[in-house]
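Trainee: One structure, as structure tokens, below. Some questions next.
Numbering (the numbering used here), first residue to last: 135 to 283.
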């Protein structure tokens, strides 16, 4: 047997002291079983590596900005909205929601909207009233970007 060093003795003494305080053989907690039937655990989880693509062509998004906003309205009532309420009026896709309309306006015409009100007309098309932020003039946007004034 090799001669013991002071450091080796100290570490063994520390281990013995720890065993006295904690206990040398700890009891492992038993797993609580909630069912009477044993189910074999599923252990193997392989990462997916398909041999061929399941769909030949990936789908395009169903509605982009150009599909959402169909055209601006330039009726008398729409012109009144533009002049008095700083609001642009559009005919939009029936399936488009207010968030999509707001994003499409931002993308196409680079205008921020305060809110969007929608209604479905008796002919089945959807009309959207887009209230613009106070720092943007709806009449200016209608003249320059929409060319309806």
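Just so you know, even glycine gets a beta-carbon here, dropped at the ideal spot from N, CA and C. Note that the structure is a prediction, hence the values are computed from the model and not measured.
Whose CA, out of 180, 207, 251, 237, lies closest to the CA of residue 263?
Mentor: Looking at the Cα atoms, 251 is the closest of the given residues.
Trainee: Assess contact between the region 212-223 and the region 190-201, defined as three or more Cβ pairs (one per stretch) separated by less than 8 angstroms. Is contact present?
Mentor: Cβ pair count under 8 angstroms is below three, so no.
Trainee: Could you spell out where the alpha helix (DSSP H) holding residue 219 opens and where it closes?
Mentor: Its alpha helix (DSSP H) spans residues 210-219.
Trainee: Quick check on residue 275 - is its C-beta less than 9 angstroms from some C-beta in chain B?
Mentor: In the displayed structure, chain B is absent; only one protein chain is listed.
Trainee: With a floor of 4 residues, list each alpha helix (DSSP H) that falls wholly inside the region 146-209, ordered by position along the chain.
Mentor: Correct list: 199-202.
Trainee: Give every residue of the same chain whose Cβ lies closer than 7 angstroms to the Cβ of residue 243, excluding the five residues on either side of it in the sequence, and list them in chain order.
Mentor: Here the set comprises 275, 279.
Trainee: Would residue 235 and residue 272 qualify as a contact pair, given that the criterion is a beta-carbon distance under 9 angstroms?
Mentor: Their beta carbons are not under 9 angstroms apart, which means residue 235 does not touch residue 272 by this criterion.
Trainee: Using alpha carbons as the reference points, say which of 248, 239, 258, 260 lies closest to residue 269.
Mentor: Nearest C-alpha to residue 269: 248.
Trainee: Tell me whether the beta-carbon of residue 260 lies closer than 9 angstroms to the beta-carbon of residue 226.
Mentor: Yes, these two residues count as a Cβ contact at 9 angstroms.
Trainee: Would you kindly work out how many angstroms separate the C-alpha atoms of residue 167 and residue 156, rounded to a whole number?
Mentor: Using only the alpha carbons, I get a separation of about 28 angstroms.
Trainee: Using C-beta distances below 7 angstroms, list every residue in its chain close to residue 176, excluding the 5 sequence neighbours before and after it, in chain order.
Mentor: Here the set comprises nothing.
Trainee: Whose CA, out of 139, 214, 228, lies closest to the CA of residue 255?
Mentor: The residue with the shortest Cα to Cα distance from residue 255 is 228.
Trainee: My output table needs one value for residue 255: the three-state DSSP class, helix, strand or coil.
Mentor: Residue state, collapsed to three classes: coil.
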